[in-house]
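Take a look at the structure set out below.
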Amino acid sequence: MKQTKRILRILFILASIGSLYFVPWILVKAWILPLPNTVQEQVDAAINYGFDGMIVYVDQAGKPPAFYAAGYKNRANKTPADPKSLFKIGSINKLYVAVAITKLVNANKLSLDKTLADYFPELVGRIEYADEITLRMMVQHRSGMPIFTNHPGFWNQPQADSIDVLQYALDLPANFKPGEDYEYCNTGYLLLSRLIDKVVGYSHNQFIKEEILIPLGLKNTFSALSEINMDNLMSGYYIGFEEDLKTNDYGAMIATAEDVGKFLRALNDGSVFKEGEQEIYSSIYEYEHGGLIPGYQCLSEYHKDIDTVVVQFMNTTDFNGYNWNLSEIFINRIVKIIKKG
């Protein structure tokens, strides 16, 4: 009876967003199937939902870190997924940028209340409300700026040397007045990264390395494809295309699941911060994140009730978003398995 009620509740939620004719039954199936006894069994089962490969890292307090993998690192060569592989972590990098901004604010090199116009006067007239968009709003995705990654040119010609991708967000109307709404905005974080460059006088990637990666001993986190041995990078796939997307450069950070997990642990226990920094960070940003770019999707979570970090990498994405929804279902199931002990 409880299981029946659960199914009906799921169907009601799904029906509320569209006709039952279009219910993604694959999501319902993934949600209601009996929970496996182990994380590895769940990872193995997830591959049957159209994912080429999957990596999971679990850091539970009082226990050694655990690594899980299933499927392929490279499907053409039938190379098994390796839990120590590098992976494009997409927007998880926003956590690193937000920490870097926090450190500069704490050092009085930046002010959360100064505006885009203060730091980039050349953008006045090119980004609407530049004199009202504060640094705090940019960090919190409340700026209303147009989003450069919504422009097809960005995906059609990723990171071309001759193109400044910021141009895709210029001279357009704001999506809303600053501070009056929330919209996840990659443009804000592009400008935050450039602001770090401007303030410290060198690359924000180097600043993040010096202030975050090196102190935490994270030797398997990188800022560019040019820094890595490509053989160590997990392949990425987009449903409907045979091409391996690992060489496509969207400017994403690259890391192992273990390195992301160690960073997330340090973020949540406060060891990534110096005195005064954690209070600032807590007022502006979150303590876990996901990432999604073509061929790569990932989730990094901290569960305070069990003092556990879980990082999940999946190297297959799709157009309709079902794979992202599945990834959220699977990480939730993995957490339930961990809680059951």
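Residue numbers for the sequence shown follow my numbering, so the first one is 8 and each next one is one higher. Virtual Cβ for every residue (Gly too), placed ideally from N, Cα, C. On a predicted model such as this, the values are computed, not experimentally measured, just so you know.
(request) Any chance you could list the beta strand (DSSP E) runs of at least 3 consecutive residues sitting entirely within the stretch 42-79, in chain order? (result) 60-67
(message) Can you tell me whether Asn55 is buried or exposed? The criterion is at least 16 other CB atoms within 10 Å of its CB, across all chains shown.
(response) To locate residue 55, count along the sequence shown from 1; it is residue 48. Exposed.
(message) Is it the case that the stretch 276-287 contacts the stretch 109-120, given that we only count it when at least three CB pairs across the two stretches are under 8 Å?
(response) yes
(request) Using the DSSP secondary-structure output, state which residues sit across from Pro87 in a beta bridge. (result) In the sequence shown, the residue the question calls residue 87 occupies position 80. Bridge partners of Pro87: Tyr79.
(request) Measure the C-alpha to C-alpha separation of Asp312 and Ile345 and round it to an integer number of angstroms. (result) Along the sequence shown, read from residue 1 onward, the residue named residue 312 stands at position 305. Along the sequence shown, read from residue 1 onward, the residue named residue 345 stands at position 338. Rounded to whole angstroms, Asp312 to Ile345 spans 11 Å at the Cα level.
(message) Taking the alpha carbon of Tyr257 as the reference point, which residue from Gly298, Pro153 and Ala264 has its own alpha carbon closest?
(response) Walking along the sequence shown from the start, residue 257 turns up at place 250. The option with the nearest alpha carbon to Tyr257 is Gly298.
(message) Check this for me: beta carbons of Val106 and Tyr244, under 8 Å apart or not?
(response) The residue given as residue 106 occupies position 99 in the sequence shown. The residue given as residue 244 occupies position 237 in the sequence shown. No, the pair does not count as a contact, with Cβ atoms beyond the cut-off.
(message) Beta-carbon within less than 7 Å of Ala97's beta-carbon, same chain only, minus the 5 sequence neighbours each way: which residues are those?
(response) Position 90 of the sequence shown, counted from the start, is the residue given in the question as residue 97. A quick correction: the sequence has Gly, not Ala, at residue 97. Within the same chain, Gly97 has close Cβ partners Ala259, Gly298, Leu299, Ile300, Tyr303 and Cys305.
(request) Assuming Glu295 contacts Leu271 (C-beta within less than 8 Å), just tell me the rounded distance between them. (result) Locating residue 295 in the sequence shown gives position 288, counting from the first residue. Locating residue 271 in the sequence shown gives position 264, counting from the first residue. The pair is a contact, with the Cβ atoms about 7 Å apart (cut-off 8 Å).
(message) Spatial neighbours of Phe155 within its chain, please: C-beta separation below 7 Å, excluding the five flanking residues on both sides.
(response) One-based indexing of the sequence shown puts residue 155 at position 148. Hits under 7 Å: Phe161, Val172, Leu173, Tyr175, Ala176, Asn193, Thr194 and Leu197.
(request) Using DSSP bridges, identify the partner residues of Lys95. (result) Your numbering for residue 95 matches position 88 in the sequence shown. Lys95 pairs with Ile261.
(request) Determine the DSSP secondary structure at Gln304, reduced to helix, strand or coil. (result) Taking the first residue of the sequence shown as position 1, residue 304 is located at position 297. Of the three classes helix, strand and coil, the one that applies to Gln304 here is strand, per DSSP.
(message) Just to confirm my understanding: we take Asn239, look at its own chain, exclude 5 residues before and 5 after, and list those with CB closer than 8 Å. What are they?
(response) Counting from one through the sequence shown, the residue named residue 239 turns up at place 232. Ser92 and Leu93, listed in sequence order.
(request) Whole angstroms is fine: what's the gap from Pro87's alpha carbon to Met237's? (result) Mapped onto the sequence shown, residue 87 falls at position 80. Mapped onto the sequence shown, residue 237 falls at position 230. Approximately 16 Å, taken between the alpha carbons.
(request) Put Thr109 into one of helix, strand or coil per three-state DSSP. (result) For the purposes of this step, residue 109 is taken as the residue at position 102 of the sequence shown. Correct three-state label for Thr109: helix.
(request) Would you kindly work out how many angstroms separate the C-alpha atoms of Leu130 and Tyr292, rounded to a whole number? (result) Mapped onto the sequence shown, residue 130 falls at position 123. Mapped onto the sequence shown, residue 292 falls at position 285. Straight-line Cα distance between these residues: approximately 25 Å.
(message) Could you compute how far the alpha carbon of Val317 sits from the alpha carbon of Ile170?
(response) Translated into positions along the sequence shown, residue 317 becomes position 310. Translated into positions along the sequence shown, residue 170 becomes position 163. Distance between the alpha carbons of Val317 and Ile170: 37 Å.
(message) Taking the straight line between their C-alpha atoms, what separation do you get for Val342 and Met61?
(response) Against the sequence shown, residue 342 aligns to sequence position 335. Against the sequence shown, residue 61 aligns to sequence position 54. For Val342 and Met61, the distance between alpha carbons rounds to 16 Å.
(request) Determine the direct distance from the alpha carbon of Gly69 to that of Gly224, and round the result to whole angstroms. (result) Translated into positions along the sequence shown, residue 224 becomes position 217. Translated into positions along the sequence shown, residue 69 becomes position 62. If you take the alpha carbons of Gly224 and Gly69, they lie about 20 Å apart.
(message) Using a Cβ distance threshold of 8 Å, determine whether the stretch 179-189 contacts the stretch 200-212, with at least three qualifying pairs required.
(response) no
(request) Indicate whether Asp59 and Thr315 have their beta-carbon atoms separated by less than 8 Å. (result) Taking the sequence shown and counting its residues from 1, one reaches residue 59 at position 52. Taking the sequence shown and counting its residues from 1, one reaches residue 315 at position 308. Result no, Cβ atoms of Asp59 and Thr315 do not sit closer than 8 Å.
(request) Starting from the Cα of Leu179, find the closest Cα among His158, Asp325 and Met145 and give me that residue. (result) Here residue 179 is taken as the residue at index 172 of the sequence shown, counted from 1. The shortest Cα separation from Leu179 among His158, Asp325 and Met145 belongs to His158.
(request) Indicate the three-state DSSP secondary structure (helix, strand or coil) for Val172 in the structure shown. (result) Reading the sequence shown from its first residue, position 165 is the one you call residue 172. Of the three classes helix, strand and coil, the one that applies to Val172 here is helix, per DSSP.
(request) Tell me, please, which residues DSSP counts as bridged to His296. (result) On the sequence shown, residue 296 is found 289 positions in, with the first residue counted as 1. According to DSSP, His296 bridges with Ser307.
(message) Short of 6 Å in beta carbon distance, which residues of its chain neighbour Tyr28, apart from the five on each side in sequence? Order them along the chain.
(response) On the sequence shown, residue 28 is found 21 positions in, with the first residue counted as 1. At Tyr28, the pLDDT of 46 sits below 50, so the modelled position is not reliable and the matter cannot be decided from this model.
(message) Measuring only the C-alpha atoms, how far is Leu119 from Thr141?
(response) For the purposes of this step, residue 119 is identified with residue 112 of the sequence shown, where counting begins at 1. For the purposes of this step, residue 141 is identified with residue 134 of the sequence shown, where counting begins at 1. Their Cα atoms are separated by approximately 7 Å.
(request) Look at the Cβ atom of Ser200, then the Cβ atom of Val104, and state whether they are nearer than 8 Å. (result) If you number the sequence shown from 1, residue 200 lands on position 193. If you number the sequence shown from 1, residue 104 lands on position 97. Yes, the pair counts as a contact, with Cβ atoms nearer than the cut-off.
(message) DSSP three-state label for Tyr28, please.
(response) Indexing the sequence shown from 1 puts residue 28 at position 21. Note that Tyr28 scores 46 on pLDDT, short of 50, meaning its location in the model is unreliable; the coordinates nonetheless yield the value given after this. Reduced to three states, the DSSP call for Tyr28 is helix.
(request) Tell me whether the beta-carbon of Ala73 lies closer than 8 Å to the beta-carbon of Val65. (result) As a first step, residue 73 is located in the sequence shown; it is residue number 66 there, counting from the start. As a first step, residue 65 is located in the sequence shown; it is residue number 58 there, counting from the start. Cβ distance < 8 Å, so Ala73 and Val65 count as in contact.
(request) With DSSP as the reference, label Gln10 as helix, strand or coil. (result) The count along the sequence shown starts at 1 and reaches residue 10 at position 3. A caution first: Gln10 carries a pLDDT of 41, below 50, which makes its placement in the model too unreliable to give a value.
(message) Among Ala273, Phe326, Gly247 and Ala264, whose alpha-carbon lies nearest the alpha-carbon of Ile221?
(response) Within the sequence shown, residue 221 is the residue found at index 214, counting from 1. If we check each option's Cα against that of Ile221, Ala273 comes out closest.
(request) State the Cα-Cα distance for the pair Asn339 and Lys85, rounded to the nearest angstrom. (result) Counting from 1 along the sequence shown, the entry for residue 339 is found at position 332. Counting from 1 along the sequence shown, the entry for residue 85 is found at position 78. Taking the straight line from one Cα to the other gives about 28 Å.
(request) Rounded to whole angstroms, what's the CA-CA distance from Ile219 to Leu117? Just pull it up for me. (result) Along the sequence shown, one-based indexing puts residue 219 at 212. Along the sequence shown, one-based indexing puts residue 117 at 110. Distance between the alpha carbons of Ile219 and Leu117 is about 18 Å.
(message) Starting from Met237, trace the beta strand (DSSP E) in both directions and tell me its first and last residue.
(response) For this step, residue 237 is matched to residue 230 along the sequence shown. Per DSSP, Met237 belongs to no beta strand (DSSP E) and is neither H nor E.
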